[in-house]
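Asker: This is the structure I have questions about; it appears just below.
There are 2 protein chains.
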Amino acid sequence: MSYRAPVAEMAFALRHVAGLDQAIASGALGDLTIEDAEAILHEAGRVADSVIAPLNKVGDRHGTPLHDGVVTTPPGWKAAYRTWIEGGWNGLSAEPDYGGQGLPLLINAACNEMWNAASIAFGLCPLLTAGAIEALTAHGSEELKARYLGKLVSGEWTATMNLTEPQAGSDLSLLRSRAEPAGDGSYRITGSKIYITYGEHDLTDNIVHLVLARLKDAPAGTRGISLFLVPKFLPDGSRNDLRCSGIEHKLGIHGSPTCSMAFGDHGGATGWLIGEENRGLACMFTMMNSARLNVGLQGVGIAERAYQQALTYARDRRQGRTTGAETTSPIVEHADVQRMLLTMKAYTAAARGICYVTAEGLDAAHGPEGKAGNDRASLLTPVAKAFATDIANEVTSLGVQVHGGMGFVEETGAAQHMRDARILAIYEGTNGIQAIDLVTRKLPLNGGATVQAQIASMRRAVEGVLKDAAPAFGHTAARLRAAIESLDRATSFQLKALGSNRPDAALAGATPYLRLFGLAQGGACLARAALASSAALKAGETDPAHAARIALARFYAENLLVAAGGLEESVIDGGAFTEGAALALAS
Amino acid sequence: MSYRAPVAEMAFALRHVAGLDQAIASGALGDLTIEDAEAILHEAGRVADSVIAPLNKVGDRHGTPLHDGVVTTPPGWKAAYRTWIEGGWNGLSAEPDYGGQGLPLLINAACNEMWNAASIAFGLCPLLTAGAIEALTAHGSEELKARYLGKLVSGEWTATMNLTEPQAGSDLSLLRSRAEPAGDGSYRITGSKIYITYGEHDLTDNIVHLVLARLKDAPAGTRGISLFLVPKFLPDGSRNDLRCSGIEHKLGIHGSPTCSMAFGDHGGATGWLIGEENRGLACMFTMMNSARLNVGLQGVGIAERAYQQALTYARDRRQGRTTGAETTSPIVEHADVQRMLLTMKAYTAAARGICYVTAEGLDAAHGPEGKAGNDRASLLTPVAKAFATDIANEVTSLGVQVHGGMGFVEETGAAQHMRDARILAIYEGTNGIQAIDLVTRKLPLNGGATVQAQIASMRRAVEGVLKDAAPAFGHTAARLRAAIESLDRATSFQLKALGSNRPDAALAGATPYLRLFGLAQGGACLARAALASSAALKAGETDPAHAARIALARFYAENLLVAAGGLEESVIDGGAFTEGAALALAS
Numbered sequence: 001m002s003y004r005a006p007v008a009e010m011a012f013a014l015r016h017v018a019g020l021d022q023a024i025a026s027g028a029l030g031d032l033t034i035e036d037a038e039a040i041l042h043e044a045g046r047v048a049d050s051v052i053a054p055l056n057k058v059g060d061r062h063g064t065p066l067h068d069g070v071v072t073t074p075p076g077w078k079a080a081y082r083t084w085i086e087g088g089w090n091g092l093s094a095e096p097d098y099g100g101q102g103l104p105l106l107i108n109a110a111c112n113e114m115w116n117a118a119s120i121a122f123g124l125c126p127l128l129t130a131g132a133i134e135a136l137t138a139h140g141s142e143e144l145k146a147r148y149l150g151k152l153v154s155g156e157w158t159a160t161m162n163l164t165e166p167q168a169g170s171d172l173s174l175l176r177s178r179a180e181p182a183g184d185g186s187y188r189i190t191g192s193k194i195y196i197t198y199g200e201h202d203l204t205d206n207i208v209h210l211v212l213a214r215l216k217d218a219p220a221g222t223r224g225i226s227l228f229l230v231p232k233f234l235p236d237g238s239r240n241d242l243r244c245s246g247i248e249h250k251l252g253i254h255g256s257p258t259c260s261m262a263f264g265d266h267g268g269a270t271g272w273l274i275g276e277e278n279r280g281l282a283c284m285f286t287m288m289n290s291a292r293l294n295v296g297l298q299g300v301g302i303a304e305r306a307y308q309q310a311l312t313y314a315r316d317r318r319q320g321r322t323t324g325a326e327t328t329s330p331i332v333e334h335a336d337v338q339r340m341l342l343t344m345k346a347y348t349a350a351a352r353g354i355c356y357v358t359a360e361g362l363d364a365a366h367g368p369e370g371k372a373g374n375d376r377a378s379l380l381t382p383v384a385k386a387f388a389t390d391i392a393n394e395v396t397s398l399g400v401q402v403h404g405g406m407g408f409v410e411e412t413g414a415a416q417h418m419r420d421a422r423i424l425a426i427y428e429g430t431n432g433i434q435a436i437d438l439v440t441r442k443l444p445l446n447g448g449a450t451v452q453a454q455i456a457s458m459r460r461a462v463e464g465v466l467k468d469a470a471p472a473f474g475h476t477a478a479r480l481r482a483a484i485e486s487l488d489r490a491t492s493f494q495l496k497a498l499g500s501n502r503p504d505a506a507l508a509g510a511t512p513y514l515r516l517f518g519l520a521q522g523g524a525c526l527a528r529a530a531l532a533s534s535a536a537l538k539a540g541e542t543d544p545a546h547a548a549r550i551a552l553a554r555f556y557a558e559n560l561l562v563a564a565g566g567l568e569e570s571v572i573d574g575g576a577f578t579e580g581a582a583l584a585l586a587s
Numbered sequence: 001m002s003y004r005a006p007v008a009e010m011a012f013a014l015r016h017v018a019g020l021d022q023a024i025a026s027g028a029l030g031d032l033t034i035e036d037a038e039a040i041l042h043e044a045g046r047v048a049d050s051v052i053a054p055l056n057k058v059g060d061r062h063g064t065p066l067h068d069g070v071v072t073t074p075p076g077w078k079a080a081y082r083t084w085i086e087g088g089w090n091g092l093s094a095e096p097d098y099g100g101q102g103l104p105l106l107i108n109a110a111c112n113e114m115w116n117a118a119s120i121a122f123g124l125c126p127l128l129t130a131g132a133i134e135a136l137t138a139h140g141s142e143e144l145k146a147r148y149l150g151k152l153v154s155g156e157w158t159a160t161m162n163l164t165e166p167q168a169g170s171d172l173s174l175l176r177s178r179a180e181p182a183g184d185g186s187y188r189i190t191g192s193k194i195y196i197t198y199g200e201h202d203l204t205d206n207i208v209h210l211v212l213a214r215l216k217d218a219p220a221g222t223r224g225i226s227l228f229l230v231p232k233f234l235p236d237g238s239r240n241d242l243r244c245s246g247i248e249h250k251l252g253i254h255g256s257p258t259c260s261m262a263f264g265d266h267g268g269a270t271g272w273l274i275g276e277e278n279r280g281l282a283c284m285f286t287m288m289n290s291a292r293l294n295v296g297l298q299g300v301g302i303a304e305r306a307y308q309q310a311l312t313y314a315r316d317r318r319q320g321r322t323t324g325a326e327t328t329s330p331i332v333e334h335a336d337v338q339r340m341l342l343t344m345k346a347y348t349a350a351a352r353g354i355c356y357v358t359a360e361g362l363d364a365a366h367g368p369e370g371k372a373g374n375d376r377a378s379l380l381t382p383v384a385k386a387f388a389t390d391i392a393n394e395v396t397s398l399g400v401q402v403h404g405g406m407g408f409v410e411e412t413g414a415a416q417h418m419r420d421a422r423i424l425a426i427y428e429g430t431n432g433i434q435a436i437d438l439v440t441r442k443l444p445l446n447g448g449a450t451v452q453a454q455i456a457s458m459r460r461a462v463e464g465v466l467k468d469a470a471p472a473f474g475h476t477a478a479r480l481r482a483a484i485e486s487l488d489r490a491t492s493f494q495l496k497a498l499g500s501n502r503p504d505a506a507l508a509g510a511t512p513y514l515r516l517f518g519l520a521q522g523g524a525c526l527a528r529a530a531l532a533s534s535a536a537l538k539a540g541e542t543d544p545a546h547a548a549r550i551a552l553a554r555f556y557a558e559n560l561l562v563a564a565g566g567l568e569e570s571v572i573d574g575g576a577f578t579e580g581a582a583l584a585l586a587s
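From first to last, the protein sequence lines are chains A and B.
The C-terminal residue of the first sequence carries number 587 in full-length UniProt numbering, and the numbering is unbroken.
The C-terminal residue of the second sequence carries number 587 in full-length UniProt numbering, and the numbering is unbroken.
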């Protein structure tokens, strides 16, 4: 079965979890109305469902063969990409000066979820172009912007991020690609890059590579890295000195070509500096932060799709009888299948909430809130990326499990979601790197005030549930409060460890800390949605989705948030292994 | 990298976790000595490492093509199978009357772990033959035994389990295959079966199918199912009326042919009844219980293999610097990588302990302990199957994560382990079915006395750690005690729900209950191993594996056992969703 964008649920999350109504009322989003926003989501949903989603299995089966340096995308992809850019989707939140529509990132976040639910392999190409647009907008010269931004915003050309080399993955200080000034303002780039997503393809006439390389005599390590724009075709129409030298045979996202790139076989590819010399990493981080949130949204999208497929199957497949049933029951009526489906749905909704709240912070950074919004988004970005992609692995695996033996058979499609999802916790900074980023760089923001403000916002959700007092919430308030208090204590522990110069103690618990953060933040998001629904029910609305949201928040609190106490113990009292680890791994 | 059977660690677990020393001292295992047992493990390890392990990737790449009804196994498999059966491994714990070696199941369990670590796809064929041997031994007529057991025990022929039909998976009451008496003592079988592992192959001259089918006028449901032995070639050498009609394209275990089987295209395949008419399910359960423990051991095996590969990679790959390091560090020195590797190792060792303790119960059933041993094994079998295969999914996924981007590239092999492992939680009864079996059939054994005795045995491990008092245990005793008390309370809740005729309340928490059971039992197993090592250290032994076992038990207690409290809450207070599930899944 295919994907149907859950537009009503997404709009509800935007409005009542991520504060779209408030943002619009405050005037921070210009003349955008709720009706506009919903109309955009509906149209995006139509394109995702009917144009992109049908490509997903085709991409998995055909892959992207490489012959003589030319990569062919799967059947139908070129036409779909053309339809998609002609709809203006590529530049949805890009600057109007360069042809963008200047819409809030929050709206774009919801759309990105849809493209990637429809096909991660397809959605990945514009995801990278968007990162390049941001880097170029922030750091590019006026000449480079004039030459490239318009075509990138329209999607007529795509872009890549060329970071990784065989010896330099998470650790970019080790990279060796070189750049030399050519004397005419351009540079000659030589080196080999690996894992370059859409490094070569046939969707567009040109590809704009953003490449990290070292200048001669640059300082060692990450302070000697510069960022260059290196197009496949030069402004004069000639082919640049770069090529795709190989393509990976991967577990998933077969529709997305993962290329090895060779720059400078014939003396050096021509490139232009973006930003200052030796400041390339800072420029690259501009695009990586945006990309990280979008990877989180890929996780939400594929989790949603896996959930939809599993639910459809569970309603159709009959096995066994539930208590008192007279005939064979659809498996959706069995408690263990319900637990799996609700786990899938609840984690997906929690991750969606976290990603949207992160996007809201980025929008707020451009409004009256300014830096505080940006800091909030910075804090939440590693949580959005890692939590949403960790649960994507769990949810897609549960999707296989709901299908039973059929889940292991490739024709069913459930296994593809699991294979496709598996890259998300790895690329754009492994989830281990995200946890380190959260603990060592984000918790200390403003002396801890940013994280404390975030915890305070979660506590308001608990107060809301207590005040609402609908019996359908069950133990929701108690469990959410316990999780937030666990997060608060774990946060104090981490800040104290960092403050007393014991980074190893903080690092040892970074991964369970991030999970705890995501669990609690996700619980607060679900509670907010449920509170809005409870208010609507009290106001006489009868949409069954309202009661469903309360039941979902309760399930999450009573069955998933309960992990918080154990995670806190792991963060605070579980770090002794760093001293004995070598020993325990020795035998 | 390939697999190296961890023979010393396995022998230590057999002796000090599963009580091999005690069993030998008690005389329950005949004249077997520790030296014999270790010699067998060493030789099995040699065969697993050098003969089978190299086939694993070959099997994944070549698969098992079907042409004109003939399935071809991957290059090298036939020769390896020949070598393996010539070593006598197939009949290790089969009865000497039929050519078996009559060794304890405990020894065979360790060997099964090795074959499957070397290649699940390879190990699966003898796993099914072993189940058929058990069913035939327990329920077959003397004539059938005389005709088939010898060749099955030697491995000259293999066997299959033909249960599933498209409409009948977990629910065998729905099956439709038919059997009619032929008047000469044999039956004519017609019907279609799916998911038949090694239903057709070229490893042996004959294949013995055990097939579930209905006699005419048999009662509806599971009380009208009979079990038949239906060989590919009949005793007179003629081909039976059955064929492989298709083969599945699967996520993993590509080296193992998963066949659709058609019986009776030309009037009916000839078969012979095993056991009594309409009692086929009881006979099949004989083989399924053995098979379930062995599937648990497949989980242990592949988890061990994934761990070994990840550890090797992490020692080799250098990225980033640890605190105070002057040059780039191997990633095994980073705290988050250590956490992943220790999680992999600790879960694997815990699952190994649970499986071995289950096998010990089966051996004890044949000795002076009798029924109590069998009841203990019955209780633990669903835990062994489900916990070991759930952690196999988690451990193999962590194995991919440790490799970073390399883990997503198929050539590395880490992804294959994850793909191969994914079937384990599904076949031989999904893990949801295992949880239901544990709660509704196993907890009530002897009025709850069996589970209480098991919990009491776990408590002795806590007392041991408290008495040992080595500082290296850290919080081990406290965390293990808390987990066991959580298990005790959750057990009381489940028994009370069953006793007061509220099966839905028990079923709602069955899956977290099983996880809690496995976590606590696994913690007790690791503590037992660590206690034996602590005693050895106090006695002056210097093997570094001793300190490593204590560190591992501590890591498990402080970082994984801490999940117990949340699981208890989910079991006891999380079941409201069964009432609201339809609602929450509706929107």
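By construction, the Cβ of each residue, glycine as well, lies at the ideal position given by its N, Cα and C atoms.
1. Which residue wins for smallest C-alpha separation from residue 316 of chain B, given the options B:337, B:221 and B:324?
2. Return the first residue and the last residue of the beta strand (DSSP E) that residue 228 of chain A is part of.
3. Please confirm if residue 319 of chain B has its CB atom under 7 Å from at least one CB of chain A.
4. Check the Cβ-Cβ distances between residue 444 of chain B and every residue of chain A, and say whether any is below 7 Å.
5. Since I believe residue 263 of chain B is in contact with residue 208 of chain B (beta carbons under 8 Å), could you give me their beta-carbon distance rounded to a whole number of angstroms?
6. Which two residues bound the contiguous beta strand (DSSP E) that contains residue 181 of chain A?
7. How would you list, in chain order, the residues of chain A whose beta-carbon sits under 9 Å from the beta-carbon of residue 411 of chain B?
8. Check whether chain B comes within 7 Å of residue 559 of chain A, counting only Cβ atoms and requiring the distance to be less than that.
9. Would a check of beta-carbon distances place residue 562 of chain A closer than 7 Å to chain B?
10. My output table needs one value for residue 330 of chain B: the three-state DSSP class, helix, strand or coil.
11. On the three-pair Cβ rule with 8 Å, is the segment 323 to 336 of chain B touching the segment 281 to 289 of chain B?
12. Does any CB atom of chain A fall closer than 7 Å to the CB of residue 573 of chain B?
13. Can you check whether the C-beta of residue 405 of chain A is within less than 7 Å of a C-beta belonging to chain B?
14. For a contact meaning CB atoms closer than 7 Å, what does residue 592 of chain A contact in chain B?
15. Can you round the beta-carbon distance between residue 330 of chain A and residue 318 of chain A to whole angstroms, since I take them to be within the 8 Å contact cut?
16. Would you call the CB atoms of residue 415 of chain A and residue 400 of chain A closer than 7 Å?
17. Residue 254 of chain A CB to nearest chain B CB: under 7 Å?
18. Within the same chain, show all residues whose beta-carbon is closer than 7 Å to that of residue 314 of chain B, passing over the 5 residues directly before and after it, in chain order.
19. Going by DSSP, what residue range makes up the alpha helix (DSSP H) through residue 269 of chain B?
20. Looking at chain B, is there any beta carbon in it that lies within less than 7 Å of the beta carbon of residue 556 of chain A?
21. Looking at the strands, I want to know which residues DSSP matches up with residue 244 of chain A.
22. Judging by CA-CA distance, which residue of A:195, A:89, A:279 and A:66 is the nearest neighbour of residue 429 of chain A?
23. Along the chain, where does the beta strand (DSSP E) containing residue 439 of chain A start, and where does it finish?
24. Between residue 248 of chain B and residue 409 of chain A, what straight-line distance do the alpha-carbon atoms span, to the nearest angstrom?
25. Distance cutoff 7 Å, beta carbons only. Does residue 569 of chain A sit that close to anything in chain B?
26. Name the DSSP bridge partner or partners of residue 192 of chain B?
Answerer: Judging by the given coordinates:
1. Taking the first residue of the second sequence as position 1, residue 316 of chain B is located at position 316. Selected option, being the one with the closest Cα: B:337.
2. Counted from its first residue, the first sequence places residue 228 of chain A at position 228. Its beta strand (DSSP E) spans residues 225 to 231.
3. Numbered from its first residue, the second sequence carries residue 319 of chain B at position 319. So yes, residue 319 of chain B belongs to the interface.
4. Locating residue 444 of chain B in the second sequence gives position 444, counting from the first residue. Answer no: the Cβ-Cβ gap between residue 444 of chain B and chain A never drops below 7 Å.
5. Locating residue 208 of chain B in the second sequence gives position 208, counting from the first residue. Locating residue 263 of chain B in the second sequence gives position 263, counting from the first residue. The pair is not a contact, with the Cβ atoms about 14 Å apart (cut-off 8 Å).
6. Numbered from its first residue, the first sequence carries residue 181 of chain A at position 181. First-last of the beta strand (DSSP E) with residue 181 of chain A: 178 to 181.
7. Mapped onto the second sequence, residue 411 of chain B falls at position 411. The contacting residues are 248 and 249.
8. Against the first sequence, residue 559 of chain A aligns to sequence position 559. It does; some Cβ of chain B falls within 7 Å.
9. Against the first sequence, residue 562 of chain A aligns to sequence position 562. Yes, contact with chain B.
10. Here the question's residue 330 of chain B lines up with position 330 in the second sequence. DSSP places residue 330 of chain B in strand when its eight states are reduced to three.
11. no
12. Against the second sequence, residue 573 of chain B aligns to sequence position 573. Cβ-Cβ to chain A under 7 Å: yes for residue 573 of chain B.
13. The residue given as residue 405 of chain A occupies position 405 in the first sequence. With 7 Å as the cut-off, residue 405 of chain A counts as an interface residue toward chain B.
14. Here chain A comprises residues numbered 1 to 587, so residue 592 of chain A is not present and cannot be evaluated.
15. The count along the first sequence starts at 1 and reaches residue 330 of chain A at position 330. The count along the first sequence starts at 1 and reaches residue 318 of chain A at position 318. Correct: roughly 5 Å between the Cβ atoms.
16. For the purposes of this step, residue 415 of chain A is taken as residue 415 along the first sequence, with counting starting at 1. For the purposes of this step, residue 400 of chain A is taken as residue 400 along the first sequence, with counting starting at 1. Contact: yes.
17. By 1-based counting over the first sequence, the position of residue 254 of chain A is 254. So, not an interface residue.
18. The count along the second sequence starts at 1 and reaches residue 314 of chain B at position 314. Result list for residue 314 of chain B: 330, 331, 332, 337, 341 and 402, in chain order.
19. The count along the second sequence starts at 1 and reaches residue 269 of chain B at position 269. Counting along the chain, residue 269 of chain B falls outside any alpha helix (DSSP H), though it belongs to the beta strand (DSSP E) covering 269 to 274.
20. Within the first sequence, residue 556 of chain A is the residue found at index 556, counting from 1. So no, residue 556 of chain A is outside the interface.
21. On the first sequence, residue 244 of chain A is found 244 positions in, with the first residue counted as 1. According to DSSP, residue 244 of chain A bridges with A:261.
22. Here residue 429 of chain A refers to the residue found at position 429 when the first sequence is read from its first residue. Per the Cα distances, A:195.
23. Translated into positions along the first sequence, residue 439 of chain A becomes position 439. Here residue 439 of chain A belongs to no beta strand (DSSP E), and DSSP marks it neither H nor E.
24. If you number the second sequence from 1, residue 248 of chain B lands on position 248. If you number the first sequence from 1, residue 409 of chain A lands on position 409. C-alpha separation (whole angstroms): 7 Å.
25. Within the first sequence, residue 569 of chain A is the residue found at index 569, counting from 1. So, interface residue.
26. Numbered from 1 along the second sequence, position 192 holds the residue referred to as residue 192 of chain B. Answer is B:262, bridged to residue 192 of chain B.
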